[in-house]
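Participant: Right, I'll just put the structure down here and ask away after.
Protein chains in written order, with the working numbering: chain A, 57 to 364; chain B, 216 to 481.
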């Protein structure tokens, strides 16, 4: 096993006429991991993935995918990657099972199409034309086609878009299973829950640049919160005085108390809060310790204004 | 094929084992899919088989149009063969490819081990197989209607050569349209061109019935060259239709090279 990353991108620039899609993006995705590329609409996610897949050439910068140049070494790279496009890609009048069997014939050691259909709950739809499948079934067939050739590296562009909760969970299980079997997965999404559930590594891009990257824990764990409910009107100034320096305490709305701390909540803080409550004869209910969600981090970094 | 092993409540996926299949297997698989798709499509069958056979039956049985001397079916059969090849290699190929491009099918195939030349080969196989089927049906129906073609080993070879060259010329033009125009525009234009060429291609109206000044121009169009070549070989019993083959070859070279330069895959 080599330690070379699955994908290494450096200083990537791509313009579509006057529009800048990528403005010097650099990122890497390690082998055997799930890397989630997050960003608002128009951030450059799809452009990045499509450059990795060999569909587009960057105007500047370097891309190595499994150590290869996606355009120059396309012939060597194509059998090793699996691709799920954001939409379409399957002939509308092809039957689901027929299509998957044909794609399987492109590869040396494919997964059995019938078993794959069964795993994705598509057995009943095997004889249905693509255009008559539901949106979720179309997504799953597209996903099946991306992995049937047993690729080293799978690119999934918005794999859970438009899925119902059952189908989303099935997709999460599939991606986790592929990772456990040794595949590398790169997925773009704007569902932060996908990233929280699946990703070893999260890359947030906006305006064609890397905004931040790290594990979900690294991105969310920089600030801790402790919440509890009690009778309204407790003396928050007295509570604050009992806490370690650098803490903040407030009541909002009435009866809901929030204590924030730079860094994660530690046992000392929890002990200080419960000791203060005991001292005051207050029973703290629904007490819970939370870190920020990825969504908090995402909105903080990419802003709250709506994107086109 | 690898089985997915069912574990205790969880699924054990097979480890990565990438690799491309041999090229002939990929081409055969893709051609098979295209053929099955085509045969399931009612409009395509109407265009490639029902309309040519209908024209053959209707125009050979009624004196709707005067063909001059000779029997009607002896004039009609070669022209309908030309029309059938045109319907597959031009109209059907252009519309099919145009919509594949529009729905991202060509783009998605670009990320599989099937190369672009493999895809073109699969399309050529598909077009060829459909045309062989068309020729068999049209020849059978024509013979049943009393067709008496000029038949020698040479005339069969020349006729097949004209059909193949015509097919190449129309395929190039089809890919040129499908690769540059919007799918809807390709759909409209391909049907329109089919109708126009049906009218002025020497298929049901003999080229000799057009004004003398127009005839040389019509014979320079691929439809005119194809029907003229087939008529001269199968009806008049002439030798190698060199001029018509040259016209078709030039159309093929121009169409294919222009298509190769301008084709946009998405």
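Cβ atoms here follow ideal geometry from the backbone N, Cα and C, with glycine treated the same way.
(1) Could you say if the stretch 307-322 of chain B and the stretch 396-414 of chain B meet the contact criterion of at least three C-beta pairs nearer than 8 Å?
(2) Is the beta carbon of residue 286/A closer than 9 Å to that of residue 313/A?
(3) Using the beta-carbon of each residue, which ones in chain B are nearer than 9 Å to residue 155/A?
(4) Are residue 393/B and residue 287/B close, meaning C-beta to C-beta below 9 Å?
(5) So residue 194/A and residue 219/A are supposed to be a Cβ contact under 8 Å. How far apart are they, rounded?
(6) Would you mind stating whether residue 217/A and residue 177/A have Cβ atoms separated by less than 9 Å?
(7) If contact is defined by three or more beta carbon pairs under 8 Å, each pair taking one atom from either stretch, is the stretch 121-138 of chain A in contact with the stretch 67-79 of chain A?
(8) Run through DSSP, which three-state label would residue 185/A get?
(9) To which residues of the same chain is residue 52/A closer than 7 Å at the C-beta, ignoring the five residues directly before and after it?
(10) Where residue 151/A and residue 186/A are concerned, what is the direct C-alpha to C-alpha distance, given to the nearest angstrom?
(11) From the DSSP output, read off the bridge partner residues of residue 281/A.
(12) Which class does residue 265/A belong to by DSSP, given the choice of helix, strand or coil?
(13) Of all Cβ atoms in chain B, is any one closer than 9 Å to the Cβ of residue 141/A?
(14) Just grab the DSSP bridge partners of residue 78/A for me.
(15) Residues of the stretch 228-244 of chain B with a CB closer than 7 Å to any CB of chain A: list them in chain order, please.
(16) Report yes or no: is there a C-beta of chain B within less than 9 Å of the C-beta of residue 208/A?
(17) Under the rule that 16 or more other beta-carbon atoms within 10 Å means buried, what is residue 115/A, buried or exposed?
(18) How about residue 320/B: is its C-beta nearer than 9 Å to some C-beta of chain A?
(19) On the criterion of 16 or more Cβ atoms from any shown chain inside 10 Å, does residue 229/A qualify as buried, or is it exposed?
(20) Starting from the Cα of residue 352/B, find the closest Cα among 319/B, 311/B, 263/B and give me that residue.
(21) Cα separation between residue 357/B and residue 379/B?
(22) Is the beta carbon of residue 137/A sitting closer than 9 Å to the one on residue 169/A?
(23) Between the alpha carbons of residue 110/A and residue 126/A, how many angstroms are there, rounded?
(24) Helix, strand or coil for residue 217/A per DSSP?
(25) Are any of the Cβ atoms in chain A nearer than 9 Å to that of residue 289/B?
(26) Can you give me, in chain order, the residues of the stretch 248-266 of chain B that have a beta carbon less than 8 Å from any beta carbon in chain A?
(27) Rank 265/A, 300/A, 284/A by C-alpha distance to the C-alpha of residue 357/A and give the top, closest one.
(28) Got a sec: is the Cβ-Cβ distance from residue 205/B to anything in chain A below 9 Å?
(29) How should residue 439/B be labelled, buried or exposed, when 16 other C-beta atoms within 10 angstroms of its C-beta is the threshold for buried?
(30) Whose C-beta lies closer than 6 Å to the C-beta of residue 446/B among residues of the same chain, with five residues either side of it excluded?
(31) Please confirm if residue 307/B has its CB atom under 9 Å from at least one CB of chain A.
(32) What does the Cβ neighbour count give for residue 300/A, buried or exposed, with the cut at 16 atoms within 10 Å?
(33) Between residue 323/B and residue 145/A, which are expected to be in contact by the criterion C-beta below 8 Å, what is the C-beta distance as a whole number of angstroms?
(34) Quick one: give me the first and last residue of the beta strand (DSSP E) that residue 140/A is part of.
(35) Could you tell me the boundaries of the alpha helix (DSSP H) in which residue 472/B lies?
(36) Is any beta-carbon of chain A found at less than 9 Å from that of residue 478/B?
Facilitator: Put simply:
(1) yes
(2) yes
(3) 248
(4) no
(5) With 8 Å as the limit, residue 194/A and residue 219/A do not qualify as a contact, their Cβ atoms being about 10 Å apart.
(6) no
(7) no
(8) strand
(9) Chain A is shown from 57 up to 364; residue 52/A falls before or after that span and cannot be answered.
(10) 6 Å
(11) 316/A, 346/A
(12) strand
(13) yes
(14) 70/A
(15) 228, 229, 230, 231, 232, 233, 234, 235, 236, 240, 241, 244
(16) yes
(17) exposed
(18) yes
(19) exposed
(20) 263/B
(21) 20 Å
(22) no
(23) 5 Å
(24) coil
(25) no
(26) 248, 251, 252, 255, 256
(27) 265/A
(28) Any property of residue 205/B remains undetermined from this structure, which presents chain B solely from 216 to 481.
(29) buried
(30) 293
(31) no
(32) exposed
(33) 3 Å
(34) 137-140
(35) 457-477
(36) no
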